[in-house]
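Numbering (the numbering used here), first residue to last: 289 to 615.
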């Protein structure tokens, strides 16, 4: 972890390289370079500065007074994405799109840009998306709004270890997929980076300047109810949701995920419904049977096995048919 002084030092370095890139892209002869040549030259510039960089995301013409636009990612310890714009032969203006991310894909539609970017964490990539619009002589971020937690449905942007992609030829639809790490108070299972996880997949539909998920439940519905609607089917997803409901006293909800009431009796006989208990899975999320044990067990070997019935059709979930001690 860098201290505040080191963070400031890196920020100043990146401010300087951002200005250097603006000067480079302002060269009168830049129109003579192909995108590939610009990318190579810019990459070389960043390497000499000791920075990692991604080539210009785009070089396009046709946004009224803006003759060319570039989306460039660079960084070393910290990453940054800058957008540059302006007529040839003049110093380009630029603004920061995102910090901590690098460019994955850029799409231009009219006077708007959709930028898919990613950050890296302990267990994998976390993609993000920004909608930018050119107005009043500058590019500004339209979605997500600032601060981000004020953006409707932003708590549903779940992309850890996942991906984001355009789901239409324009900017109307974005598809996300990612793993969900539950809150400890809601989870029966301990989840580490290498542990099984639940995955969700969502189509985000543009409505004005907002992107909202194509779901049935309203944003006001309980979060975990909304989460279950978009959860991808797997034995692990069913088991975690079954135990979450049972531990909350929602027997009717738990029964929806079981073949019959006997499964609930089996879970209670093994004390799996105790709110203070915690478990860890020993097999991948799609395993059937799925093996797990008490998280604090000194003997790190499977203690329980859960058996499932596969979904009857598309869109359905796995059903629990038996939970028992490992013999």
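Ideal Cβ placement from N, Cα and C applies to all residues, glycine included.
Option in the options with minimal Cα separation from residue i
{"i": "residue 307", "options": "550, 330, 321", "result": "330"}
{"i": "residue 594", "options": "584, 580, 544, 586", "result": "580"}
{"i": "residue 586", "options": "598, 577, 568", "result": "568"}
{"i": "residue 489", "options": "473, 476, 518, 468", "result": "518"}
{"i": "residue 337", "options": "304, 316, 429", "result": "304"}
{"i": "residue 454", "options": "314, 358, 467, 396", "result": "396"}
{"i": "residue 389", "options": "445, 362, 545", "result": "362"}
{"i": "residue 415", "options": "429, 466, 399", "result": "466"}
{"i": "residue 500", "options": "440, 530, 512", "result": "440"}
{"i": "residue 429", "options": "464, 385, 449", "result": "385"}
{"i": "residue 532", "options": "511, 449, 424", "result": "511"}
{"i": "residue 620", "options": "553, 321, 602", "result": "Any property of residue 620 remains undetermined from this structure, which presents the chain solely from 289 to 615."}
Euclidean distance between Cα positions of residue i and residue j
{"i": "residue 335", "j": "residue 309", "result": "12 Å"}
{"i": "residue 573", "j": "residue 486", "result": "8 Å"}
{"i": "residue 460", "j": "residue 443", "result": "20 Å"}
{"i": "residue 405", "j": "residue 387", "result": "10 Å"}
{"i": "residue 577", "j": "residue 550", "result": "17 Å"}
{"i": "residue 354", "j": "residue 491", "result": "Residue confidence for residue 354 is low, a pLDDT of 44 falling below 50, so the modelled location carries little weight; the figure read from the coordinates is stated next. Using only the alpha carbons, I get a separation of about 32 Å."}
{"i": "residue 604", "j": "residue 538", "result": "20 Å"}
{"i": "residue 351", "j": "residue 408", "result": "Note that residue 351 scores a pLDDT of 38, beneath 50, so its modelled location is shaky; the value from the coordinates is reported in the next line. Using only the alpha carbons, I get a separation of about 33 Å."}
{"i": "residue 317", "j": "residue 470", "result": "53 Å"}
{"i": "residue 614", "j": "residue 413", "result": "36 Å"}
{"i": "residue 381", "j": "residue 374", "result": "6 Å"}
{"i": "residue 607", "j": "residue 400", "result": "45 Å"}
{"i": "residue 472", "j": "residue 302", "result": "38 Å"}
{"i": "residue 435", "j": "residue 445", "result": "15 Å"}
{"i": "residue 597", "j": "residue 528", "result": "15 Å"}
{"i": "residue 530", "j": "residue 493", "result": "30 Å"}
{"i": "residue 475", "j": "residue 513", "result": "14 Å"}
{"i": "residue 327", "j": "residue 468", "result": "36 Å"}
{"i": "residue 311", "j": "residue 403", "result": "23 Å"}
{"i": "residue 496", "j": "residue 458", "result": "14 Å"}
{"i": "residue 289", "j": "residue 367", "result": "Interpretation of residue 289 is limited by its pLDDT of 45, a score under 50 that renders its predicted location unreliable; the figure taken from the coordinates is listed afterwards. For residue 289 and residue 367, the distance between alpha carbons rounds to 15 Å."}
{"i": "residue 602", "j": "residue 521", "result": "9 Å"}
{"i": "residue 320", "j": "residue 358", "result": "16 Å"}
{"i": "residue 332", "j": "residue 325", "result": "11 Å"}
Endpoints, alpha helix (DSSP H) assigned at residue i
{"i": "residue 494", "result": "Where residue 494 is concerned, there is no enclosing alpha helix (DSSP H), although the beta strand (DSSP E) it sits in stretches over 486-495."}
{"i": "residue 513", "result": "511-518"}
{"i": "residue 551", "result": "550-557"}
{"i": "residue 539", "result": "539-543"}
Cβ-Cβ separation, residue j to residue i (assumed contact under 8 Å), whole Å
{"i": "residue 391", "j": "residue 371", "result": "The pair is not a contact, with the Cβ atoms about 10 Å apart (cut-off 8 Å)."}
{"i": "residue 418", "j": "residue 431", "result": "7 Å"}
{"i": "residue 543", "j": "residue 561", "result": "Actually they do not touch by this definition, with Cβ atoms about 13 Å apart."}
{"i": "residue 524", "j": "residue 558", "result": "With 8 Å as the limit, residue 524 and residue 558 do not qualify as a contact, their Cβ atoms being about 17 Å apart."}
{"i": "residue 478", "j": "residue 564", "result": "At roughly 13 Å, the Cβ-Cβ gap does not stay under 8 Å, so residue 478 and residue 564 are not in contact."}
{"i": "residue 526", "j": "residue 545", "result": "5 Å"}
{"i": "residue 452", "j": "residue 464", "result": "5 Å"}
{"i": "residue 547", "j": "residue 609", "result": "4 Å"}
{"i": "residue 356", "j": "residue 314", "result": "About 10 Å separates the two Cβ atoms, so there is no contact after all."}
Residue i - DSSP class collapsed to helix/strand/coil
{"i": "residue 528", "result": "helix"}
{"i": "residue 417", "result": "strand"}
{"i": "residue 522", "result": "coil"}
{"i": "residue 614", "result": "coil"}
{"i": "residue 569", "result": "strand"}
{"i": "residue 581", "result": "strand"}
{"i": "residue 331", "result": "helix"}
{"i": "residue 608", "result": "strand"}
{"i": "residue 305", "result": "helix"}
{"i": "residue 457", "result": "coil"}
{"i": "residue 350", "result": "Residue placement at residue 350 cannot be trusted, given a pLDDT of 36 that sits under 50; what the coordinates show is reported in the next sentence. Residue 350: coil per DSSP, three-state reduction."}
{"i": "residue 432", "result": "coil"}
{"i": "residue 395", "result": "strand"}
{"i": "residue 325", "result": "helix"}
{"i": "residue 310", "result": "helix"}
{"i": "residue 501", "result": "strand"}
Endpoints, beta strand (DSSP E) assigned at residue i
{"i": "residue 381", "result": "381-387"}
{"i": "residue 369", "result": "367-374"}
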